[in-house]
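What follows is a short report on a single structure.
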Amino acid sequence: MAHASQRLPAVAGLFYPADPHSLHAQVAGFLSAAIPAEVVDAPKALIVPHAGYIYSGAVAASAYAELVQRRDVIRRVLILCPTHRVAVRGMALPAAQSFITPLGAVAVDREAWLAVREMPGVIVDDLPHAEEHAIEVQLPFLQTTLDHFEILPIAVGDVDARRVAAVLEARWGGPETLIVISSDLSHYHPYRQAQWRDKATIAQIRQLDATLLCEQACGAGPINGLLLAAQRHNLKPHLLDLRNSGDTAGDRERVVGYASIVFSEECDRAHH
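Heads up: the sequence shown begins at 1451 in our numbering, then just goes up one per residue.
As structure tokens, this is what we get:
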């Protein structure tokens, strides 16, 4: 297999430990320390932060801990993230067919990749993925909590939320398919102001209001796509953790907000 078909780590040793033993120990530690606000039945989608692990790893872990009881069920993970380094019109799939982390390789779901590649607004380009941390930092958590899974990594740029929702709909699947949206909340406000802003954003997400702006969440594009799909599928959001870098490992003058939200399918509805 040609080496170009692998996407190599960009932020190992920066956002998380490059040594596999240290990385596994850190992720396992976050997961065992996670005390969820509630236990969520059959998680279908997660919104999790993507900063360096010392800043947001504990917050992300409270969502990932919910997957452990589904470790042998979930086989495919659609991971959507914003683009931090390369501007994208539409949504970019990587050409690479596996993503490497210190914990090993994660294969891209070829069938899903071929199907989504044909959809409106989707391009194939390795460039937006090459230096992007927002998907990469999620992979060690998935590698630790799930058994056998493949991913469909999508970098979401400037695109209508309905197109994002259409991609999610096309690969919605059943309990074997999980959706992960990688997003932080507000950026670089003083501590109290950030808390106030992030609480308002969470209230909007709870109402499945798909009009988030980039100032509210860097992953507003993919979140809005998820919220549109959540309306159709009666998904219910559960907030498991809401903190910011001032609570974890940063100063309180300019903070970044992090939330851990799990969406579950409400099975008790007799009629849709």
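The C-beta atom is built at its ideal place from N, Cα and C for all residues, glycine as well.
Where residue i sits in the DSSP three-state scheme
{"i": "Ile1524", "result": "coil"}
{"i": "Gly1624", "result": "coil"}
{"i": "Leu1496", "result": "strand"}
{"i": "Ile1585", "result": "helix"}
{"i": "Phe1713", "result": "strand"}
{"i": "Ala1478", "result": "helix"}
{"i": "Pro1552", "result": "coil"}
{"i": "Asp1597", "result": "coil"}
{"i": "Leu1530", "result": "strand"}
{"i": "Pro1486", "result": "coil"}
{"i": "Leu1602", "result": "strand"}
{"i": "Val1609", "result": "coil"}
{"i": "Leu1577", "result": "helix"}
{"i": "Ala1562", "result": "helix"}
{"i": "Arg1647", "result": "helix"}
{"i": "Arg1539", "result": "strand"}
{"i": "Val1614", "result": "helix"}
{"i": "Ala1462", "result": "strand"}
{"i": "Ala1510", "result": "helix"}
Contacts around residue i, its chain only, beta-carbon distance under 7 Å, and the 5 residues preceding and following it disregarded
{"i": "Ser1512", "result": "Ala1484, Pro1486, Leu1690, Asp1691, Ser1710"}
{"i": "Asp1421", "result": "Here the chain covers residues 1451 to 1722 and nothing more, so residue 1421 does not appear."}
{"i": "Pro1570", "result": "Arg1613"}
{"i": "Gly1623", "result": "Arg1526"}
{"i": "Leu1678", "result": "Ala1611, Arg1612, Ala1615, Ala1660"}
{"i": "Ala1562", "result": "Arg1526, Leu1602, Arg1621"}
{"i": "Glu1619", "result": "Ala1679"}
{"i": "Pro1589", "result": "The amino acid at residue 1589 is misidentified as Pro; the sequence shows Leu. Answer for Leu1589: Phe1549, Thr1551, Val1556, listed in chain order."}
{"i": "Asp1491", "result": "Ser1714"}
{"i": "His1453", "result": "Note that His1453 scores a pLDDT of 46, beneath 50, so its modelled location is shaky; the value from the coordinates is reported in the next line. Cβ neighbours of His1453 beyond the five flanking positions: none."}
{"i": "Cys1664", "result": "Ala1670"}
Residues of its chain near residue i, where Cβ-Cβ distance is below 8 Å and the 5 sequence neighbours each way are ignored
{"i": "His1579", "result": "Arg1457, Ala1542, Pro1544, Ala1546, Ile1585, Pro1603, Ala1605"}
{"i": "Thr1594", "result": "His1474, Val1477, Ala1478, Leu1481, Tyr1514, Leu1553"}
{"i": "Ser1455", "result": "Ala1545, Ala1546, Gln1547, Ser1548"}
Contact set for residue i: own chain, Cβ-Cβ below 6 Å, skip 5 residues either direction
{"i": "His1637", "result": "Val1706"}
{"i": "Met1451", "result": "Low confidence applies here, because Met1451 scores a pLDDT of 36, under 50, leaving its location unreliable; read the following figure in that light. So no residue of the chain qualifies."}
{"i": "Leu1481", "result": "Ala1511, Ala1515"}
{"i": "Leu1658", "result": "Leu1677, Ala1680, Gln1681"}
Beta-ladder partner(s) of residue i, from DSSP
{"i": "His1637", "result": "Val1706"}
{"i": "Ile1455", "result": "Here the sequence assigns Ser to residue 1455, which means Ile is not the residue at that position. Paired residues: none, contrary to the question."}
{"i": "His1632", "result": "Note that residue 1632 corresponds to Ser in the displayed sequence, not to His. Bridge partners of Ser1632: Val1498."}
{"i": "Asp1663", "result": "In the sequence as presented, Asp is not what sits at residue 1663; that position holds Leu. Looking at the DSSP assignment, Leu1663 forms no beta bridge with any residue, so it has no partner."}
{"i": "Ala1557", "result": "Ser1548"}
{"i": "Val1572", "result": "Met1541"}
Supposed contact pair residue j and residue i - C-beta distance, whole angstroms, cut 8 Å
{"i": "Lys1494", "j": "Leu1662", "result": "The Cβ separation is near 19 Å, so there is no contact."}
Entirely enclosed alpha helix (DSSP H) segments - the stretch 1671-1700, minimum 4 residues
Taken in chain order, the complete alpha helix (DSSP H) segments of 4 or more residues contained in the stretch 1671-1700 are 1695-1698.
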